[in-house]
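Read the structure below first, then the notes.
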Amino acid sequence: MFEVGQKADSHIAMAVNLLADISPWRPSHSPGLKLRSELFAALIGAILVIPQGITFAYLAGLPPEYGIYTAIFVTLFASLFGTSSMLGGPNTAVAILIGVAVAPFAGRGSPLYIEYVLLLSFMVGMIQLLIWLLRGGRFFMYLSPAAITGITTGVGFILILSSLDGIFGLSSSDTHFFYHKLYFLIDDAENLINPFSFTIGATTVVVGMIARHYNTRYAILIAITAGYFCGLVLMSYYSQVEMELELLGHLPINPLPLTYPPMGSDYLITGLAMLPDAMIIALIGLAQSMVIVKQLRNDTDQPIQPDKEVFAQSIANLLAPFFSSFAGSGSFNRTQVNQSLHAETPLTGIVSACIVLVLILLLGPVLTYLPMPAISGTLMLVGIGMIKTDEIKRLFNWRGELAVFTTTLFCILFLGLQTGLVVALVLSVLLFVISASSLELIAERESVSVRIRVEGHLFYASIDQLSQILKEHRHESVVLDLSVVTYLDLSATEAITKELANRDQESTFFAVKLSSKKLQNQFEIKMAGQPVQFIQHNQI
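At position 219 of the sequence shown (counting the first as 1) the number is 219 in full-length UniProt numbering, and the numbers step up by one without a gap.
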């Protein structure tokens, strides 16, 4: 009972520390310059997330304002409790999974459907909070660099291919497979492509690529501005009906849309039915967030704490249904924009959430005429930026890493992002296990014995290699040098005990050299009564 209370107290204390720690908001050096970078990145992120929020709300089967609320409140809460510049909010895979999970229980967009989405989002937050309490977030950190490169490259291709709908003026429901889309475009481009949408989208992409060549920092803003004014010029000569041009339009927004997840026996039954979907969404959401976190740790000097990011994501989704929002996750493209603009703290997400609200409330008339092809063009630029050819070229020198990369990329493109993330995680763990179970065994003959030096981890998966070399030297005196072995389990002592039983103990001796006195004490307890000598690390 006392131990349970201690564990509960430790979790409460940990949560209090997480809530109280606001140091990640503060730039570590050059405060003035860093603050300008954070604010500028927040502005660009806010502009990008508005049309994304609308699109993701549609994917989730909700009215468009729910996507905007998610872009505001999930982003805000995730940044308030997070430690990195990763931007949370509405997410493609999560939105699709929500729509699939709730559709069997209510009509899309109906009041009952919205209530079920709020309930599902609350469940996702609870599951993610449980994962944080169990330290499950560390499991996602096993993703190998090759898997991360495969994921980011796959997401980059997905962004590029998904942006084709907006750039060419296609209906997003034309096809679900990118190769079908490319086939239809090539086969009937003259009738399918909207020339006005293509002009705006192409202008955005070309200007953005030129701007990126000269100044990466402002490329996205320059690109979207070029697309905006290109649209205004076209609208001054042609009517919107004639161009069939999709604009952002006006959205009715409540600054404080308070709601709550429904409770009751009827909802409990539906909640239990949606529990498997909630678990999948929780895992997929965290997996995507942890991929972004690990990429940021590799590419930047941000003091990122993965456990805190898991906590932040869980709290954001737990609070989301109280603010008319649905569950979200880390955003690959917005975080990529953040990184390109040198944003390094959670302050970007906090300010971005506020800017989204201000833009919707005060700049509605201006944003009403923002062409959707311009937004699609900026998303294509982000996707192009996520495909890092230098990293891919380096993988060709490592067969195992290249296999992980290509398999992950293939699964994401042809089987979906969810499947690709699972495959990447499984392959990374397998790669880690294979690497950890590989021992380097060096046998050096000395005057009266054979010294067998072991480098690696001694556990059940690697013990066969040790057993084999001990058998080969069964009739000789052996010094087993484990001084650089950092981990061993019970199977190691069992293998040595089994070998001692088969040795000629009268004419040979068997000694073990360990790295520490503590490890020696543990070894002596496990091998009590066995004819083995122990050598301290500072001896021969």
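Idealized CB from N, CA, C, for every residue including glycine.
First through last residue of the beta strand (DSSP E) which encompasses residue i
i: R453; result: V450 to E455
i: D489; result: Here D489 belongs to no beta strand (DSSP E), and DSSP marks it neither H nor E.
i: E242; result: Here E242 belongs to no beta strand (DSSP E); instead the alpha helix (DSSP H) covers Q240 to M243.
8 Å Cβ cutoff met for residue i and residue j
i: L164; j: V117; result: no
i: G154; j: L409; result: yes
i: I463; j: R453; result: no
i: L128; j: P90; result: Correcting the residue type first, residue 128 is Gln in the shown sequence and not Leu. Not closer than 8 Å, so no.
i: V404; j: L425; result: no
i: A327; j: G271; result: no
i: S121; j: A320; result: yes
i: L367; j: L359; result: yes
i: Y228; j: A374; result: yes
i: G67; j: A57; result: yes
i: S329; j: G88; result: yes
i: L458; j: L470; result: no
i: V448; j: V478; result: no
i: P306; j: V291; result: no
i: L59; j: A103; result: no
i: K513; j: L488; result: no
i: S85; j: N502; result: no
i: I355; j: L43; result: yes
i: F196; j: L245; result: yes
i: I220; j: L381; result: yes
i: V310; j: G137; result: yes
i: Y69; j: S435; result: no
i: F139; j: I167; result: no
i: A101; j: Q313; result: no
i: A461; j: L480; result: no
Any non-hydrogen atom of the ligand GTP within 7 Å of residue i CB
i: G82; result: This structure lacks the ligand GTP; in fact it carries no ligand of any kind.
Span of the alpha helix (DSSP H), counted from its first residue to its last, around residue i
i: D299; result: L275 to D299
i: L458; result: No alpha helix (DSSP H) holds L458; DSSP gives it neither H nor E.
i: L130; result: P111 to L133
i: L161; result: P145 to F168
i: I350; result: L347 to L362
i: T199; result: P195 to Y214
i: T259; result: Neither: T259 is in no alpha helix (DSSP H) and is coded neither H nor E.
i: K393; result: T389 to L395
i: N317; result: P306 to L319
i: Y69; result: P64 to F81
i: L224; result: A small correction: the amino acid at residue 224 is Ile; Leu does not occupy that position in the sequence shown. Per DSSP, I224 belongs to the alpha helix (DSSP H) from A219 to Y237.
Assigned exposure category for residue i - 16 Cβ within 10 Å defines buried
i: W132; result: buried
i: E401; result: buried
i: residue 552; result: What is shown of the chain runs 1 to 540, which leaves residue 552 out entirely.
i: I281; result: buried
i: Q533; result: exposed
i: D266; result: exposed
i: T389; result: exposed
i: S440; result: The sequence given here places Glu at residue 440; Ser does not occur at that position. Looking at its Cβ environment, which holds fewer than 16 other Cβ atoms inside 10 Å, E440 is exposed.
i: E242; result: exposed
i: residue 552; result: Here the chain covers residues 1 to 540 and nothing more, so residue 552 does not appear.
i: E344; result: buried
i: G264; result: exposed
i: V207; result: buried
i: K308; result: buried
i: P371; result: buried
i: E446; result: exposed
i: R399; result: exposed
i: Y214; result: exposed
Sheet register partners of residue i (DSSP bridge)
i: S329; result: G89
i: F510; result: V478
i: Q418; result: Looking at the DSSP assignment, Q418 forms no beta bridge with any residue, so it has no partner.
i: A443; result: I452
i: P371; result: L247
i: Q533; result: A511
Nearest-angstrom beta carbon gap, residue j and residue i [assumed within contact, 8 Å]
i: I98; j: Q295; result: Their Cβ separation, rounded to whole angstroms, is 25 Å, which puts I98 and Q295 out of contact at 8 Å.
i: M386; j: T55; result: Actually they are not in contact, since the Cβ atoms of M386 and T55 sit about 18 Å apart, beyond 8 Å.
i: G383; j: G156; result: 4 Å
i: Q288; j: L421; result: 7 Å
i: L248; j: I50; result: 7 Å
i: A146; j: L395; result: 6 Å
i: L192; j: L170; result: 6 Å
i: Y369; j: L232; result: 7 Å
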